[in-house]
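Asks: Residue numbers (the working numbering): 992 to 1187.
#1: Tell whether a beta-carbon distance below 8 Å holds between residue 1049 and residue 1113.
#2: Are the Cβ atoms of residue 1060 and residue 1007 separated by less than 8 Å?
#3: Relative to the C-alpha of residue 1037, which candidate in 1003, 1067, 1013 has its C-alpha closest?
#4: To the nearest angstrom, how far is the alpha carbon of residue 1083 from that of residue 1089?
#5: Within 10 angstroms of the Cβ of residue 999, are there 16 or more other Cβ atoms? Answer buried if so, exposed if not.
#6: Leaving out the 5 sequence neighbours to the left and right, which residues in its chain are closer than 6 Å to residue 1152 when beta-carbon positions are compared?
#7: Out of 1057, 1028, 1155, point me to the one whose CA is closest to residue 1123's CA.
#8: Which residues bound the alpha helix (DSSP H) around residue 943?
#9: Reducing DSSP to helix, strand and coil, say where residue 1146 ends up.
#10: What's the gap between the Cα of residue 1102 and the Cα of residue 1015?
#11: Here's the rule: buried if 16 or more other CB atoms are within 10 angstroms of the residue's CB, otherwise exposed. What is residue 1160?
#12: If you compare alpha carbons, which of 1053, 1144, 1076 is closest to residue 1106?
#13: The alpha helix (DSSP H) spanning residue 1120 covers which residue range?
#14: Counting only beta-carbon separations shorter than 8 Å, does residue 1004 have a partner in chain C?
#15: Nearest to residue 1167 by CA position, among 1067, 1115, 1043, 1087, is which residue?
#16: Out of 1040, 1155, 1073, 1044, point me to the one whose CA is closest to residue 1134's CA.
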């Protein structure tokens, strides 16, 4: 059976989406190639047409996660005045929905504790993705007139990631949501975004 020119690319993307969800939900060490391929609707044998190893799959899925995260960030930031876009990004990032979306949320939160034990290629994919998110946020902070936008972007992103990480560890949903709401309010006040 012959497939069209885009079939291999579409299949690879389907595998990456499935693997990205599994890596975020279960961690890179707990995913299995056979399970990912089965969830993607493929056989295990087709894996090697796309990846040399499980580590190559994890690395590619990390890159894919950051592509998705950057697209989501741009969606929140673009088409609005800079301060309004920043406020929308903070609100969305610190929402209960994002906190509960472990398989679809930000890879910074999902993978931070796992990455130090992964291969150099996986760590580099994560670091590159993180730098891209920092740059996108710094660009928006610069457009809104904040001084030192890159260090501020790193600080803001650290606060966002830390808040969601801690809220995910909280066993009481009300406390977790209160933590997110407190950080959202205080961060927006620190940035002067209370009215946005």
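In this text, a Cβ means the ideal position worked out from N, Cα and C, and glycines have one as well.
Replies: The relevant details are as follows:
#1: By the CB criterion at 8 Å, residue 1049 and residue 1113 fall inside the cutoff.
#2: No, the Cβ-Cβ distance between residue 1060 and residue 1007 is not below 8 Å.
#3: Of the candidates 1003, 1067, 1013, the residue whose Cα lies closest to the Cα of residue 1037 is 1003.
#4: The alpha-carbon atoms of residue 1083 and residue 1089 are separated by roughly 7 Å.
#5: Looking at its Cβ environment, which holds fewer than 16 other Cβ atoms inside 10 Å, residue 999 is exposed.
#6: Counting only Cβ-Cβ distances below 6 Å, and skipping sequence neighbours, we find 1099, 1100.
#7: Considering only alpha carbons, the answer is 1057.
#8: With the chain represented from 992 up to 1187, any question about residue 943 goes unanswered, as that position is not in the structure.
#9: Residue 1146 sits in a helix when the DSSP states are folded into three classes.
#10: Between the alpha carbons of residue 1102 and residue 1015 lies a distance of about 7 Å.
#11: A residue is called buried when at least 16 other Cβ atoms come within 10 angstroms of its Cβ; residue 1160 does not meet this threshold and is exposed.
#12: Answer by Cα proximity: 1053.
#13: Per DSSP, residue 1120 belongs to the alpha helix (DSSP H) from 1111 to 1134.
#14: Any reference to chain C falls outside this structure, which holds one protein chain only.
#15: The option with the nearest alpha carbon to residue 1167 is 1087.
#16: The residue from 1040, 1155, 1073, 1044 with its alpha-carbon nearest to that of residue 1134 is 1073.
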